[in-house]
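Since the structure comes first, as C-alpha cells, the remarks are kept for the end.
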Amino acid sequence: MEQQDIRRLTVGDVMHADWPTLGPEDTVERAIRLFAESHISGAPVLEDGRLVGIVTEGDLIFRDAEIKAPGFLDILGGIIPLGSWEEYREETLKSAGVTVGEVMTRDVVTVSPQTPLPEAATAMARRRIKLLPVVEGERLLRGVISRMDILALHVIRPRP
1 MEQQDIRRLT VGDVMHADWP TLGPEDTVER AIRLFAESHI SGAPVLEDGR LVGIVTEGDL
61 IFRDAEIKAP GFLDILGGII PLGSWEEYRE ETLKSAGVTV GEVMTRDVVT VSPQTPLPEA
121 ATAMARRRIK LLPVVEGERL LRGVISRMDI LALHVIRPRP
C-alpha cells in the first residue's frame, strides 16, 4: 500500500464523525460498558449538544488505583508539602465519582476540521493525548480523531 503524506491532510479528512458520546449524567458504569463494547478508550461528553468534557480510561482507572496522599515535612512546627495536594484531591474525587460529570476532564484540548493533521499530531504528542474532539463554533462536536487514525495513514489510505 502507498504511504500517505499527512502534511496535506486536515483533521476533517480522517476524523470519525460518528464516535460515541456520553452525557455528564451518565454513570461511570455506562462509560466503562461503552468503552468495552465499542473498543474505544474515551468519549466526548456533551450537554445540550455542546462539548463540556471528555472521559477516558485514564479518568476511570482511578476507581481501581491506590491513591496516596502527598507526604509533608514538619520543620519547627511548619508543614512543607512534598507533593501536589490539588492532584491528590482530583484523584480522590475521580476515584469516588459515580457520574461521568464527576470524573471527566473539563479542560479539553480540541481541534477544528480544518486543522492541519501535523498540528493535531503535535498537540497529541506534546500533551500526551490519545483522543482529540473535533469541534466548530460554540464547541459543537463534529467528530473525534485518535492517535491511531494518524499513525494508520503511514500504511493505509485515509477513509473517503
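In UniProt numbering, the protein residues as written are 1 to 160. The C-beta atom is built at its ideal place from N, Cα and C for all residues, glycine as well.
Original post:
Given a threshold of 16 other Cβ atoms within 10 Å of its Cβ, counted over all protein chains shown, does M15 qualify as buried or as exposed?
Top reply: On the sequence shown, residue 15 is found 15 positions in, with the first residue counted as 1. Per the 10 Å Cβ criterion, buried.
Original post:
With distances taken between CB atoms, is the gap from A125 to I145 smaller than 9 Å?
Top reply: The residue you call residue 125 lines up with position 125 of the sequence shown. The residue you call residue 145 lines up with position 145 of the sequence shown. In this structure, I145 does not lie closer than 9 Å to A125 by Cβ.
Subject >> Sequence-distant residues of its chain with Cβ nearer than 8 Å to T99 (five each side left out) >> reply: Sequence index remark: in the sequence shown, residue 99 carries index 99 (1-based). Cβ within range, chain order: P24, E25, D26, T27, V28.
Original post:
What residue does the beta strand (DSSP E) around S112 start on, and which one ends it?
Top reply: If you number the sequence shown from 1, residue 112 lands on position 112. Taken as a continuous stretch (DSSP letters only), S112 belongs to no beta strand (DSSP E), as it is neither H nor E.
Subject >> Beta-carbon proximity list for residue 215, same chain, < 7 Å, skipping 5 on both sides >> reply: A query on residue 215 cannot be resolved here, the shown segment of the chain reaching from 1 to 160 and no further.
Subject >> Extent of the continuous alpha helix (DSSP H) run through V45 >> reply: Residue numbering aside, residue 45 sits at position 45 when the sequence shown is read from its first letter. Element bounds for V45: not the alpha helix (DSSP H) but the beta strand (DSSP E), 42 to 47.
Subject >> Close-in-space but distant-in-sequence residues of the same chain around G101 (CB under 6 Å, 5 per side omitted) >> reply: If you number the sequence shown from 1, residue 101 lands on position 101. If we look at G101 and ignore the five residues flanking it on each side, its Cβ neighbours are P24.
Subject >> Nearest-angstrom beta carbon gap, L117 and L9 [assumed within contact, 8 Å] >> reply: The residue you call residue 9 lines up with position 9 of the sequence shown. The residue you call residue 117 lines up with position 117 of the sequence shown. Indeed, because the Cβ distance is near 4 Å, the residues count as touching under 8 Å.
Original post:
If you run the structure through DSSP and keep just helix, strand and coil, what is E25?
Top reply: Counting from 1 along the sequence shown, the entry for residue 25 is found at position 25. Coil.
Original post:
When DSSP labels each residue in this structure, what does P133 get in the three-state scheme?
Top reply: Working through the sequence shown from its first residue, we reach residue 133 at position 133. Strand at P133.
Subject >> L51 vs L140 beta-carbon contact at 9 Å >> reply: Your numbering for residue 51 matches position 51 in the sequence shown. Your numbering for residue 140 matches position 140 in the sequence shown. Cβ distance < 9 Å, so L51 and L140 count as in contact.
**OP:** Return yes when the Cβ of G42 is within less than 9 Å of the Cβ of I131, no when it is not.
**Re:** Sequence index remark: in the sequence shown, residue 131 carries index 131 (1-based). Sequence index remark: in the sequence shown, residue 42 carries index 42 (1-based). Sequence check: residue 131 is Leu here, not Ile. Closer than 9 Å, so yes.
Original post:
Does the beta-carbon distance from L153 to I61 come in below 9 Å?
Top reply: Looking up residue 153 in the sequence shown gives position 153. Looking up residue 61 in the sequence shown gives position 61. It is not a contact, given that the beta carbons lie outside the stated cut-off.
**OP:** Consult DSSP for R50 and reduce its assignment to one of helix, strand or coil.
**Re:** As a first step, residue 50 must be located in the sequence shown, where it is residue number 50. In the structure shown, R50 sits in a strand (DSSP, three-state: E or B).
**OP:** Indicate the three-state DSSP secondary structure (helix, strand or coil) for L9 in the structure shown.
**Re:** By one-based count along the sequence shown, residue 9 stands at place 9. Coil.
Original post:
What three-state label does DSSP hand R142 in the structure shown?
Top reply: In the sequence shown, residue 142 corresponds to position 142, counting from 1. Three-state result, R142: strand.
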